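Q:
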Amino acid sequence: MVVAVPLGYLLSRARFPGRGLVDAILDIPIVLPPLVLGISLLILFQFWPFRLVSRQIVFQVPAVILAQFTVSAAFAARIMRVGFDQIDTRQEQVALTLGCTQARAFWSVLLPQAVPSIVTAATIAWARALGEFGPLLVFAGATRMKTEVLSTTVFLELSIGNLKSAVAVSVLMVAAALAVLLIARSSGGDMPETTGFGGRRAAR
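Note that numbering that gives the first Met the number 0 numbers the sequence shown so that position 64 is 63, with each residue one more than the last.
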């Protein structure tokens, strides 16, 4: 959310050179097939300056974090942009005319109204990270007790024929995802169509 909130705000309110490019880049982790995203991350770390830290990241724990962050942050930023789009700009303008700085207007006027969207973005991002598999398998690997997460645990258990354990972990993931989605729905925040969880787009 540290990245998603300011990025969503900038895309919603600011007009700057390259805004369309940033908007398009944000969609890449959402629209790319998961395996292709994992391969893209692998390729990225073959080039300078990422190559300098490739050995410390690729197929290590940081790769798990980076792969999950890449996708979940894109979803969260999209949701935050929709949330900010739906907030009337006139209240910010009134605050500015009354002497508030842009930063104070954001913290005191805009951000409190964006709380439902923040809750929705955080829960959906968490759920998306929970179910991430393709990029993790390619970029971080599926090493027991090292880069293993719930989704790769299912894969590892199936690969050795341990169906009961795979089903148990799957049920746990379904329950967690269902709980998170119910929280997101009850928070009142709208989810953009790009999340794949429904919701409506704000009018541009």
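We put the beta carbon where it would ideally sit given N, CA and C, even for glycine. Here the structure is a predicted model, which is why all the values come from computation and not from measurement.
Which term fits Ile24, buried or exposed, when burial requires 16 or more other beta carbons within 10 angstroms of its beta carbon?
A: Stepping through the sequence shown from its first residue, residue 24 is reached at position 25. Flag for Ile24 reads exposed.
Q: Quick check on Gln101: does DSSP put it in helix, strand or coil?
A: As a position in the sequence shown, residue 101 is number 102, starting the count at 1. In the structure shown, Gln101 sits in a helix (DSSP, three-state: H, G or I).
Q: In chain order, which continuous runs of the alpha helix (DSSP H) of length 4 or greater are located wholly inside the region 61–146?
A: As far as the region 61–146 is concerned, its whole alpha helix (DSSP H) runs of at least 4 residues are 89–96, 101–104 and 114–129.
Q: Got a sec, what are the start and stop residues for the alpha helix (DSSP H) Pro33 sits in?
A: Here residue 33 refers to the residue found at position 34 of the sequence shown. Here the alpha helix (DSSP H) through Pro33 covers Pro33 to Leu43.
Q: Just the Cα atoms here: how many angstroms apart are Val170 and Ile182?
A: Indexing the sequence shown from 1 puts residue 170 at position 171. Indexing the sequence shown from 1 puts residue 182 at position 183. About 18 Å.
Q: For the alpha helix (DSSP H) containing Gly19, name the first residue and the last one.
A: Reading the sequence shown from its first residue, position 20 is the one you call residue 19. Arg18 to Val30 is the extent of the alpha helix (DSSP H) around Gly19.
Q: Within 10 angstroms of the Cβ of Leu6, are there 16 or more other Cβ atoms? Answer buried if so, exposed if not.
A: Along the sequence shown, one-based indexing puts residue 6 at 7. It is buried - the Cβ of Leu6 has at least 16 other Cβ atoms within 10 Å.
Q: Would you mind reading off the limits of the alpha helix (DSSP H) that contains Gln59?
A: Counted from its first residue, the sequence shown places residue 59 at position 60. No alpha helix (DSSP H) holds Gln59; DSSP gives it neither H nor E.
Q: Please classify Arg14: does DSSP put it in a helix, a strand, or coil?
A: The residue you call residue 14 lines up with position 15 of the sequence shown. Correct three-state label for Arg14: coil.
Q: Just to confirm my understanding: we take Arg227, look at its own chain, exclude 5 residues before and 5 after, and list those with CB closer than 8 Å. What are they?
A: Outside the shown range of the chain (0 to 203) lies residue 227, about which nothing can therefore be said.
Q: Given a cut-off of 8 Å on the beta-carbon distance, is the pair Ala126 and Val179 in contact?
A: In the sequence shown, the residue the question calls residue 126 occupies position 127. In the sequence shown, the residue the question calls residue 179 occupies position 180. In contact: Ala126 and Val179 (Cβ atoms closer than 8 Å).
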